[in-house]
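Written below as structure tokens is the structure these notes are about.
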Amino acid sequence: MAANFEIEQDFIAEQNEANKKWLSEDFEYLGRKLARRGVDIESIVEKARSFTIAVPSWGVGTGGTRFARFPGSGEPRNILEKLEDCSTIHKLVRSTSAISLHIPWDKPDNAADLLENARDYGLTFDAMNSNTFQDQPRQKKSYKFGSLTHTDRAVRKQAIEHNLECVEIGRKLESKALTVWIGDGSNFAGQSNFRHALERYLESMQEIYAAVPADWRLFIEHKLYEPAFYSSVINDWGTSYYCASQLGDKALCLVDLGHHAPNVNIEQIVSRLIQFQKLGGFHFNDSKYGDDDLDTGSIKPFQLFLIFNELVDAELSGVPGFNPCYMLDQSHNITDPIESLVTSAAEATRAYVQAAIVDREKLAEAQATNDAITALATLKEAFTTDVAPILAVARERNGGAIDPIAVYRASGYRSQKAKERPAQVSISAGII
Ligand code: RM4
Ligand code: MN
Ligand code: MN
């Protein structure tokens, strides 16, 4: 490991020097502005410093579409190289200490060694993700017509066993959650019996639920469509909520922002799940049309803010059991994945910070008096506040970079990795 290029802490500190002057000027100004509204900037910096979001292991390689994959140079070729990239992201932003793994893409030869490697980087493992939406080489049964909901019990059994294996690997890696997303559904009207498919899902999930340790959480991730185009078994939050309730307390709903029809009010879904104490976590990304897996906050930053507005409201009101897991789930097709993930982690923190400075008393008063104009203005006042100095100060105090993208580019990390990691004929990064 020592031979591999790393961005040194000293390099980050040195690069930060050049930015300190403008940062302290802007930070001071913002502090005065917030103080006028009764907000103490230091308390918001502390919130920003403690915000964390997990990085998806599958996000550090270049993704692809149905049409093509355009590999980048120096892509990670295995889980250890993915760890290396995740560690680089964390060094720059200091808010991404956990990684979410996907099995079998990241199946370790030796889990203890992988845990050791992660520890050396100061990284931990977030939710494990199972994969029963693809067939793997030498797999006995095919998932062409479904996995946990397949009409053939033998296929369901294989999919259940795969999930149990994910739990086993996760235990060794000190993960505390399993996320189950299935591609099961149908492409033709009449192809599938909706009720029976959901019954089979619950039956399979009960077996998985039973194997999930008591201190773990089991996340159910819904998705409107794709790969199935006519119907998906776990298509929406209502179905997800029903299943989570049927399974028990360890089962919770996971909201992937891209898994809804365009224009759906996701912040209200989030609020409902909070109210029903079934919000388990998020896969953050952005989208215009569907499961686009674009960078968080790149298309609809106001939506992201409104979601965090619900989350902060729940946090401040002390909703029982409220403890969602924040994860990114993106596919980077045209950018350097490290730059996308660094930016996305910052965008999630930005939305959180903006939501934290909402004048909640004023908002409650406007709501109580049906003053719609003031209610929106109160949200907009927070949303339009440039909180960049808070984000930069929080990063710097945590040991990260004031300007992470500039530091990353100046370090030459990617060209170093291009030398260290000559491209392989086939790289298993991304979905294709
Ligand atoms: C799915 C879903 C899952 C992710 C896979 C790779 O669309 O978002 O969370 O595991 O993609
Ligand atoms: Mn997802
Ligand atoms: Mn997705």
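Using my numbering, you'd call the opening residue of the sequence shown number 16 and step up by one each time.
From the three backbone atoms N, C-alpha and C, an ideal C-beta is built for every residue, glycine too.
No experiment lies behind these values; they were computed from the predicted model shown.
Nearest Cα to Ile223 within the set Ser190, Val182, Val248: Val182. Checking the DSSP bridge columns, you'll see Asn144 partnered with His117, Thr194. Rounded to the nearest angstrom, the gap between the Cα atoms of Asp301 and Gln318 is 10 angstroms.
A distance below 8 angstroms between beta-carbons, with the five flanking residues on each side excluded, links Asp310 to the following residues of its chain, in chain order: Asn300, Asp301, Gln345, His347, Thr350, Ser355, Thr358, Ser359, Glu362. Restricting attention to alpha helix (DSSP H) runs no shorter than 4 residues, the stretch 322-402 encloses them at 352-371, 375-383, 387-398, ordered along the chain. Phe320 is classed as buried because its beta carbon has at least 16 other beta carbons within 10 Å across all chains shown.
The closest heavy atom of ligand 1 lies less than 7 angstroms from the beta carbon of Lys238.
Measuring C-alpha to C-alpha distances from Arg153 to each of Arg52, Tyr423, Phe398, Pro119 identifies Pro119 as the nearest.
Around the beta carbon of Glu32, a 10 Å sphere encloses fewer than 16 other beta carbons of the protein chains shown; the residue is thus reported as exposed. Between Asn146 and the set Gln206, Ile417, Ile175, the nearest pair of CA atoms involves Ile175.
At a Cβ-Cβ threshold of 8 angstroms, Gly137 and Ser110 do not count as neighbours. A straight-line Cα-Cα distance of about 46 angstroms links Gln292 and Ser430. Straight through space, the alpha carbons of Ala229 and Lys377 are spaced by roughly 42 angstroms. Cβ neighbours of Pro419 within its own chain (closer than 6 angstroms, five residues either side excluded): Leu107, Val108, Val357. Within the chosen limit of 7 angstroms, ligand 2 does not reach the beta carbon of Asp128 with any heavy atom.
For Val408, the closest alpha carbon among the candidates Glu43, Ser313, Asp25, Lys48 is that of Glu43. Between ligand 2 and the CB of His117, the shortest heavy atom gap is not smaller than 7 angstroms. Burial check for Arg210: the Cβ neighbour count within 10 Å stays below 16, so the residue is exposed.
Inside the stretch 82-142, DSSP marks whole alpha helix (DSSP H) runs of 4 or more residues at positions 94-108, 126-136, from first to last along the chain. Asp271 sits in a strand when the DSSP states are folded into three classes. Using a Cβ distance threshold of 8 angstroms, His117 and Asn144 count as a contacting pair. Taken through DSSP and simplified to helix, strand or coil, His165 comes out as coil. In the DSSP assignment, Gly46 falls outside any beta strand (DSSP E) and within the unbroken alpha helix (DSSP H) covering 35-51. Within 7 angstroms of the C-beta of Trp196 there is at least one heavy atom belonging to ligand 1.
In this structure Leu269 is not in contact with Gly312, their Cβ atoms being roughly 19 angstroms apart against a cut-off of 8 angstroms. When C-beta atoms of the stretch 89-105 are compared with those of the stretch 395-408, fewer than three pairs fall below 8 angstroms, so the two segments do not count as touching.
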